[in-house]
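**Student:** Numbering (UniProt numbering), first residue to last: 1 to 146.
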Amino acid sequence: MGFVMFDATAEVAAVRSAYGPEEERALAVYGDVVAAFDAAGLPAYVETRGGLAICAYAPDGTMMVVACQDFLPLNRAMVTGWHLAHVSEDGPSPKWRCIVHDTVPDDVCCDEPGDLRLGPLVNAAKAHLAACDHTREAAAAAGGAS
């Protein structure tokens, strides 16, 4: 049996085709975040199970998850910073989690908002994926599969 490569673009297309009203509302608010990850070669989609987040697939099938102090609010004005994590899979208990980029202030009620620019967020994701041991392990495992 041959190895089947993960097709992130097809996976994201399937998720997007199943968007309901909640995901469409979130996409209207965070479409620029989705587009920034798409443009970087990390196909992204809106995730609403367990709280709103933007998820982007890495080439090896692992995920980058964009949130705020917890989940993303539907009111973009309430975003105080980006919290970007790299996880093994989409689920409540991934095997591992790397905190990649976190601009959420320590005291979200009283501190100034953190950096909300998308360039540094996406650049942090790309730099992390190039250096992450988990990504290299997944690539090595995929290369050895047959």
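For every residue, glycine included, the Cβ atom is placed at its ideal position computed from N, Cα and C.
1. Report yes if the CB atom of residue 135 is closer than 8 Å to the CB atom of residue 58, and no otherwise.
2. So, with DSSP's three-state summary, where would you put residue 47?
3. So, does the CB of residue 25 fall closer than 8 Å to a CB anywhere in chain C?
4. Taking the alpha carbon of residue 39 as the point to measure from, which residue in 70, 118, 85 has its own alpha carbon closest?
5. Can you say whether residue 68 is buried or exposed, counting buried as having 16 or more other CB atoms within 10 angstroms of its CB?
6. Just the Cα atoms here: how many angstroms apart are residue 1 and residue 28?
7. Using 10 angstroms around the beta-carbon of residue 78, count the other beta-carbons present and answer buried if the total reaches 16, otherwise exposed.
8. With a threshold of 16 other CB atoms inside 10 Å of the CB of residue 47, please say whether the residue is buried or exposed.
9. Opposite residue 102 in the DSSP bridges: which residues?
10. Quick one: grab the DSSP three-state call for residue 57.
11. Quick check on the burial criterion: 16 or more other C-beta atoms within 10 angstroms. Buried or exposed for residue 31?
**Tutor:** Quick look at the numbers:
1. Yes, these two residues count as a Cβ contact at 8 Å.
2. Looking at residue 47 - three-state DSSP - the assignment turns out to be strand.
3. Judged by its chain identifiers, the structure shown contains no chain C, having just a single protein chain.
4. The shortest C-alpha separation from residue 39 is found at 118.
5. Buried: at least 16 other Cβ atoms inside 10 Å.
6. Only weak support is given to the placement of residue 1: the predicted model assigns it a pLDDT of 47, under 50, and the value that follows is read from those uncertain coordinates. The straight-line gap separating the alpha-carbon atoms of residue 1 and residue 28 is approximately 42 Å.
7. With fewer than 16 Cβ atoms within 10 Å of its Cβ, residue 78 is classed as exposed.
8. With 16 or more other Cβ atoms within 10 Å, it is buried.
9. Paired residues: 83.
10. DSSP, reduced to helix, strand and coil, places residue 57 within a strand of the structure shown.
11. Exposed, because fewer than 16 other Cβ atoms sit within 10 Å of the Cβ of residue 31.
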